[in-house]
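Be aware that the sequence shown starts at 1, since it is given in our numbering, and climbs by one per residue.
Ideal Cβ positions, reconstructed from N, Cα and C, are used throughout, including at glycine.
A quick note: this is a predicted structure, and the numbers were derived from the prediction, not measured.
Heads up: the structure comes next, in structure tokens.
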Amino acid sequence: MAKSNIEAGETYPQGHKVPPPKSSKKQLFLVFFAGVLACGTTQLFYTSGSFGRSRTTHCNTERSENDVQVLAPPYVGSTEVHSYPPTRPTNANPTLFPSDVGYPGGTPTGAEPAIIATAPSYPMQTGAAQLIKPDALRGKGSHSKNFSLFKKWGNLSPWFSIEKGVFGLDSDPTVPETCRVTGLHFLHRHGARYPTAWTNYAGPARLAGRLNKAAANWTATGNLDFLNTWTYKLGEELLTPFGRQQLYDLGVSMRLKYGFLLKNFTKTNTLPVFRTESQDRMLYSALNFALGFFGYPLEGKYQQSITIEALNFSNSLAPYNTCPNAMISGKASRSLWYLERWAAIYLKKALQRLQRHLKGFELTIEDLYSMQQMCAYETVAIGYSKFCELFTAEEWEGFNYS
């Protein structure tokens, strides 16, 4: 049999296997060592900054001040929108899902409620069970029994009842013995909503726009770490789900207090008239109130008057359009001067505290005021807001006063 020399291009006869090459222990060690050296060199090359950026991986969700800075992604601060219902659902077939199929069972009604005339006290609205408060706020006073974050948002606070004697009136809601309730005049505005499209100071949308525009330049750590993936989820002016529930619950509450007044309409064979106006949040506040007061369906139970809120229309529910000074910013916004100076006082420490956690973006007092607004608006829109955790109880008292 002829010898085979693989290196010279010769082959073994057919049916014979090529024996494995002989390797000494020294050769195996050298090959292993060379592989380790090559792997280490490659890893050092990729993590040394040769490509202009670095990458770090952490199990902890928050980055410390000493971590390598990774700039915020470009979508941070952008508006996130979820449109519902779909415009043309493929399975929509109302004939297959009628709202009334008959066979309602027994339907005898009972007497109308009359808490205002029969009960010794009012029911108290003390909170908003559907909304989530932060586990803890910063600073002293946040754990006090007298401190309630939802009551420190000024005009953005969910409505709540006040205790007896708050305004110096030591009286109760019971009707005096010589009197009886024969009617009710009830005026309210809308439920919790998204921010308005315009603002003369601060505003959640303005802050989101600033963060998004400069996203390529900043990174957040510590308590502001959540900003690195945060998007703006608020719409404009519409009622939020919580806002719709507020008005529905208010309607239920008023029916329990004053339902007995409906007997007057039954006697006169008439229907009550509720007034509202055309803006979306006002109209649907009225309709949700009616659903709570009368229950579904609404047809044949009351009449809804809708006046137009717009320039050149007479509307007693929106009288600002009839005031010649309402559209003159120098007169209509006279409080702005005081707001700016008060915010600079009560948010001074917060600015110093939070700026340390935001590199590459210079915060302003107006930004921090927007963050406090964001806390309120996000909470009533999506149920919870990380912005609420950024401020002390004292700073929330300052916001409430503003």
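Closest to PRO113 by CA distance: which of GLY330, ASN312, ARG255 is it?
Closest by alpha carbon: ARG255.
Rounded to whole angstroms, what is the Cα-Cα separation between THR266 and PHE186?
Looking at the two C-alpha atoms, the distance is approximately 20 Å.
Can you say whether LYS410 is buried or exposed, counting buried as having 16 or more other CB atoms within 10 angstroms of its CB?
The structure shown does not extend to residue 410, since the chain is modelled only from 1 to 402, so the question has no answer here.
According to the Cβ coordinates, are PRO204 and GLN373 closer than 9 Å?
Result yes, Cβ atoms of PRO204 and GLN373 sit closer than 9 Å.
Just to confirm, are GLY282 and ARG189 a CB contact at a threshold of 9 Å?
The amino acid occupying residue 282 in the given sequence is Met; Gly does not appear at that position. Yes, Cβ-Cβ distance for MET282 and ARG189 is below 9 Å.
Can you give the Cα-Cα distance for TYR258 and ARG180, rounded to whole angstroms?
Their backbone Cα atoms lie some 12 Å apart in a straight line.
GLU340 by DSSP, collapsed to three states: which one?
GLU340 falls in the helix class under three-state DSSP.
State the Cα-Cα distance for the pair TYR75 and ASN217, rounded to the nearest angstrom.
Cα-Cα distance, rounded: 13 Å.
Give the DSSP bridge partners of ARG193, in chain order.
LEU239.
Once the 5 residues before and after PRO120 are set aside, which same chain residues still bring their CB inside 7 Å of it?
Same-chain partners within the cutoff: THR174.
By Cβ distance, which residues of its chain are closer than 6 Å to LEU239, with the 5 residues on each side in sequence left out?
Cβ within range, chain order: GLY191, ARG193, ARG281, TYR284.
Can you find the residues in the same chain that come closer than 8 Å, C-beta to C-beta, to THR178, ignoring five residues on each side of it along the sequence?
Cβ within range, chain order: n/a, list empty.
Decide if SER385 is buried, meaning its Cβ has at least 16 other Cβ atoms within 10 Å, or exposed.
Buried, by the Cβ-count rule.
Would you tell me roughly how many angstroms separate the C-alpha atoms of THR91 and LEU291, rounded to the nearest one?
With the sequence shown as reference, residue 91 is identified as Asn, and Thr is not the correct amino acid for it. If I take the Cα positions, the gap works out to 28 Å.
Short of 6 Å in beta carbon distance, which residues of its chain neighbour TRP396, apart from the five on each side in sequence? Order them along the chain.
So the list reads LYS152, once near-sequence residues are dropped.
Check for me: the beta strand (DSSP E) holding VAL273 runs from which residue to which?
Where VAL273 is concerned, the enclosing beta strand (DSSP E) stretches over 273-277.
Under the three-state reduction of DSSP, which class applies to LYS359: helix, strand or coil?
Strand, per DSSP.
By how many angstroms is the C-alpha of SER370 removed from the C-alpha of GLY243?
About 21 Å.
Using C-beta distances below 7 Å, list every residue in its chain close to ALA376, excluding the 5 sequence neighbours before and after it, in chain order.
If we look at ALA376 and ignore the five residues flanking it on each side, its Cβ neighbours are TRP153, LEU156.
Got a sec, what are the start and stop residues for the beta strand (DSSP E) ILE306 sits in?
Taken as a continuous stretch (DSSP letters only), the beta strand (DSSP E) holding ILE306 covers 303-307.
With 16 other CB atoms within 10 Å as the buried threshold, where does THR126 fall?
Under this definition THR126 is an exposed residue.
Compare the C-alpha of LEU211 against each of ALA350, ALA393, GLY77, THR392 and name the closest.
The shortest Cα separation from LEU211 among ALA350, ALA393, GLY77, THR392 belongs to GLY77.
Compute the distance between the beta-carbons of PHE150 and LYS133, then report whether it is under 9 Å.
Contact flag set, yes.
To the nearest angstrom, how far is the alpha carbon of TYR302 from that of LEU287?
Near 11 Å, if we compare the C-alpha coordinates of LEU287 and TYR302.
Relative to the alpha-carbon of TRP342, which residue among ILE382, SER329, LYS331, GLY398 has its alpha-carbon at the smallest distance?
Ranking ILE382, SER329, LYS331, GLY398 by Cα distance to TRP342 puts GLY398 first.
State the beta-bridge partners of TYR296 as determined by DSSP.
In DSSP, TYR296 forms no bridge with anything.
Does the distance from the CB of GLY330 to the CB of THR219 come in under 9 Å?
Not a contact, by the Cβ cut-off of 9 Å.
Is it right to say PRO195 is buried, meaning 16 or more other beta carbons lie within 10 angstroms of its own, or is it exposed?
Buried.
Assign THR276 to one of two classes, buried (16 or more other C-beta atoms within 10 Å of its C-beta) or exposed (fewer than that).
So THR276 ends up on the buried side.
According to DSSP, what are the bridge partners of ALA220?
DSSP, once it has assigned bridges, lists LEU358 as partnering ALA220.
Against chain B, does LEU238 count as a neighbour if the rule is that its beta carbon must be under 9 Å from one of theirs?
The structure shown contains no chain B, having only a single protein chain.
Since ALA215 and ALA72 are thought to touch, with beta carbons under 8 Å apart, how far apart are those beta carbons, to the nearest angstrom?
The pair is a contact, with the Cβ atoms about 5 Å apart (cut-off 8 Å).
Rounded to whole angstroms, what's the CA-CA distance from LEU336 to TYR346? Just pull it up for me.
Their backbone Cα atoms lie some 16 Å apart in a straight line.
Closest by CA to ALA310, which one among ASP249, ARG353, GLN279?
Here the closest residue by C-alpha is GLN279.
Check the DSSP bridge columns for TYR232 and list the partner residues they point to.
TYR232 is bridged to THR79.
For GLN304, collect the residues of the same chain with a Cβ closer than 6 Å to its Cβ; drop the 5 residues on either side in sequence, then sort them by chain order.
Within the same chain, GLN304 has close Cβ partners PHE274.
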